[in-house]
Amino acid sequence: MNISFSRTSKTLIAVTPVLIWLFAMPQTQAYPQFQEFSEKNSGRNVNCAMCHVNGDGPTGDGKGQIGGLTKEELDSLMKARSALAPGTLVDSPILNKFGNEIIKDIGKRKFLELRQNPKDLAKALPAQSDLDQDGISDGQEYLDGTDPLNPEHGDPLKLLMANLNKYRLHVILTFIAVMTLNWGIMQFLKGLEILTKPRQIPKA
Ligand SMILES: [Ca+2]
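Residue numbers (the working numbering): 183 to 386.
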């Protein structure tokens, strides 16, 4: 009996720190609905890096993953998770700039509601928000499955149209210059033709 009690006590002593750690550690909260929707809607490969620091998501002990966070970062994480209403500046260490912006713009409560209808996340984000300034809104990049933090990454046609719009004055001036040059060359060739054309000597 004594031996059994002793073994039980030793086991409890051994597992207690692990249990304390498990309860003290923030639980991983992953929301794959959004990544799955973006990937399916766009036909592009979308991984967790669209919103998270780590492309493998928040689980693990790597950079930007819960197991590797410092005490200060854990405090920031808990603060970010309590930002239920929109308008709160959050700096979650497991989220990238886009992920933090989503929570700031719509709040954690709304974000959790949108799990039922992840398509509506695009409409919930501010239409003018374009974090990478490539001319394609964050919400549209979410629908397109492109990186909202990389100005080189976007739907090719939309990037072209955005750049044409952005540099329209340059495009117009270049067009005028090309047309003017073309006109000048045509006039030069006409003049050359006149000069080189054999003269018609009138018959006496
Ligand atoms: Ca963009």
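Even glycine gets a Cβ: it sits at the ideal position worked out from N, Cα and C.
Alpha carbon to alpha carbon, what distance is there between residue j and residue i?
{"i": "G336", "j": "N299", "result": "24 angstroms"}
{"i": "K245", "j": "D316", "result": "27 angstroms"}
{"i": "A359", "j": "H352", "result": "10 angstroms"}
{"i": "D329", "j": "M368", "result": "47 angstroms"}
{"i": "N236", "j": "I276", "result": "7 angstroms"}
{"i": "L313", "j": "G327", "result": "15 angstroms"}
{"i": "K301", "j": "L325", "result": "8 angstroms"}
{"i": "T252", "j": "K292", "result": "28 angstroms"}
{"i": "L371", "j": "W365", "result": "10 angstroms"}
{"i": "K305", "j": "G321", "result": "7 angstroms"}
{"i": "A344", "j": "E334", "result": "12 angstroms"}
{"i": "W203", "j": "N347", "result": "With a pLDDT of only 47 at W203, under the threshold of 50, the placement of this residue in the model should not be trusted; the figure read from the coordinates follows. In a straight line, the C-alpha of W203 is about 54 angstroms away from that of N347."}
{"i": "A212", "j": "G269", "result": "22 angstroms"}
{"i": "K261", "j": "T356", "result": "52 angstroms"}
{"i": "L256", "j": "Q247", "result": "10 angstroms"}
{"i": "H234", "j": "R297", "result": "17 angstroms"}
{"i": "P214", "j": "Y349", "result": "38 angstroms"}
{"i": "D243", "j": "I354", "result": "53 angstroms"}
{"i": "K385", "j": "L363", "result": "41 angstroms"}
{"i": "F216", "j": "L303", "result": "8 angstroms"}
{"i": "G373", "j": "M361", "result": "18 angstroms"}
{"i": "T241", "j": "N278", "result": "15 angstroms"}
{"i": "E323", "j": "S191", "result": "56 angstroms"}
How is residue i classed by DSSP in three states: helix, strand or coil?
{"i": "L251", "result": "coil"}
{"i": "L277", "result": "strand"}
{"i": "H335", "result": "coil"}
Taking the beta carbon of residue i as the centre, do at least 16 other beta carbons fall within 10 Å, making it buried, or is it exposed?
{"i": "N282", "result": "buried"}
{"i": "N332", "result": "exposed"}
{"i": "I376", "result": "exposed"}
{"i": "G239", "result": "buried"}
{"i": "F280", "result": "buried"}
{"i": "Q382", "result": "exposed"}
{"i": "L307", "result": "buried"}
{"i": "Q310", "result": "exposed"}
{"i": "E218", "result": "exposed"}
{"i": "S319", "result": "buried"}
{"i": "S264", "result": "exposed"}
{"i": "N229", "result": "exposed"}
{"i": "E254", "result": "exposed"}
Residue i CB to nearest chain C CB: under 8 angstroms?
{"i": "G242", "result": "You won't find chain C in this structure, because it holds only one protein chain."}
Measure how close the beta-carbons of residue i and residue j come, nearest whole angstrom, since I'm counting them as under 8 angstroms.
{"i": "K290", "j": "L259", "result": "Rounded, the Cβ-Cβ distance is 12 angstroms, inconsistent with contact."}
{"i": "S220", "j": "M232", "result": "7 angstroms"}
{"i": "V272", "j": "I288", "result": "Wrong, their Cβ atoms sit about 11 angstroms apart, outside the cutoff."}
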